Structure formats: structure tokens, C-alpha cells
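Right, one structure below, let's go through it.
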Amino acid sequence: MDINEFNRMIDLVRTFTPRSEIILEEVPAPQKLATYSFAFSADVSNGLLDDAEDEVASGRFVLLHEPGG
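If you want it as C-alpha cells, here you go:
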């Protein structure tokens, strides 16, 4: 994979629209694990309007790319 493919994948993630009960937010990615990195967090609510603040799951996705590695 070259850097252009990596950047295209990041662009796809940035334009993705999840379901209403899922909130995605780009967060700082690790800086020293690979030359190129990208990360986002995800928070999932129960989907009920009255309980929109009730988080039922959360996680973090990190994408790392080391050319030639």
C-alpha cells in the first residue's frame, strides 16, 4: 500500500455517516508506532431519544501504515 491509498482510506472513514446512535470522532493517533497513522473513537448510545446520554459501548480504532514495513 502506498501513501495515496492510505490517504484514500482515511478520506473514506472521514466521510462515513454512521447510524444515529453511533458518534464517531477523530482523535490524535499514536505518533511513534508508524510513519502514518489515523485514529477515531466511537461511542454508542442505546438509541432512545430520552436516554441519548446513556453510553452502551465505546472504542477506539487506530490505523497504522509503515511503508515498506
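Each residue of the sequence shown is one higher than the one before, counting from 501 in our numbering.
Beta carbons: idealized from backbone N, C-alpha and C, even for Gly.
Small disclaimer: the values here were computed from a predicted structure and weren't measured.
Subject >> Beta-bridge partners of Val-562, as assigned by DSSP >> reply: Along the sequence shown, one-based indexing puts residue 562 at 62. Beta-bridge pairing links Val-562 to Ala-539.
**OP:** Spatial neighbours of Phe-561 within its chain, please: CB distance less than 6 Å, with the 5 preceding and 5 following residues excluded, ordered by chain position.
**Re:** Taking the sequence shown and counting its residues from 1, one reaches residue 561 at position 61. These residues qualify, in order along the chain: Phe-540.
**OP:** Using a threshold of 9 Å, state whether the C-beta atoms of Thr-535 and Pro-567 are closer than that.
**Re:** Walking along the sequence shown from the start, residue 535 turns up at place 35. Walking along the sequence shown from the start, residue 567 turns up at place 67. Taking 9 Å as the Cβ cut-off, Thr-535 and Pro-567 qualify as a contacting pair.
**OP:** Express the C-alpha separation of Asp-543 and His-565 in angstroms, rounding to a whole number.
**Re:** Indexing the sequence shown from 1 puts residue 565 at position 65. Indexing the sequence shown from 1 puts residue 543 at position 43. Roughly 25 Å separates the two Cα atoms.
Original post:
What is the DSSP secondary structure of Leu-512, reduced to helix, strand or coil?
Top reply: The count along the sequence shown starts at 1 and reaches residue 512 at position 12. Here Leu-512 sits in helix by DSSP.
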